[in-house]
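In the numbering used here, the protein residues as written are 55 to 244. Ideal Cβ placement from N, Cα and C applies to all residues, glycine included.
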């Protein structure tokens, strides 16, 4: 399954498109979840991916996606896990954060409404947007993210969406215990 947050342009999820090749090997559709506007943008940009295998004589030669709408904060049960998504403030638009058990993924945000903060109570691991050191109109900055990690009393926080101004090695030395910068290929055990 794939989750999409609201997009600035339909080309943003192109990197995610490589995962769609899984449908060919699985021989079944990949469920995707997004708000109505984002689903519409995905349908416009990648309409072929929403066609059924029956449209192509049962062949999975292109991705097959099963769209599901996210409308505001909600809980989606999956076998063996509860998956929560909640609204975030992305400056000029909204995005969604995700919680699975004690783990939360919050990127593309500058803040959250009170209801979303309540959904994060008790998490142990937070992956969070941290674009740069200075404030930005649509993304969290280092001091703000450190405040959030402290507020939530997480055991571990991972800084994601790092801008070029943030040097990985420098951050590793400066960050408090339990806070680390993300890197390509990082595996987080929860």
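Contact check for residue 213 against residue 235 passes: the beta carbons are separated by less than 7 Å. The three-state reading of DSSP puts residue 151 in strand, counting E and B together.
Taking one beta carbon from each stretch, the segment 98-105 and the segment 131-147 have fewer than 3 pairs nearer than 8 Å; the two do not touch. The criterion of a C-beta distance shorter than 7 Å is not satisfied by residue 153 and residue 179. When DSSP states are grouped into helix, strand and coil, residue 123 belongs to the strand group.
With a threshold of 16 other beta carbon atoms within 10 Å, residue 87 meets it and is buried. With contacts defined by Cβ atoms closer than 7 Å, residue 187 and residue 196 form a contacting pair.
In the DSSP assignment, residue 205 falls within the unbroken alpha helix (DSSP H) covering 196-206.
Closest in alpha carbon position to residue 97, among 135, 83 and 120, is 120.
With a threshold of 16 other beta carbon atoms within 10 Å, residue 177 meets it and is buried. Residue burial is scored here from C-beta neighbours: residue 150 has at least 16 other C-beta atoms within 10 angstroms and is therefore classed as buried. Only residues of its own chain outside the window of five on either side were considered, and among them 159, 212 and 214 have a CB closer than 6 Å to the CB of residue 181, listed in chain order. DSSP, read as helix, strand or coil, puts residue 85 in strand.
The three-state reading of DSSP puts residue 100 in coil, since its state is none of H, G, I, E or B.
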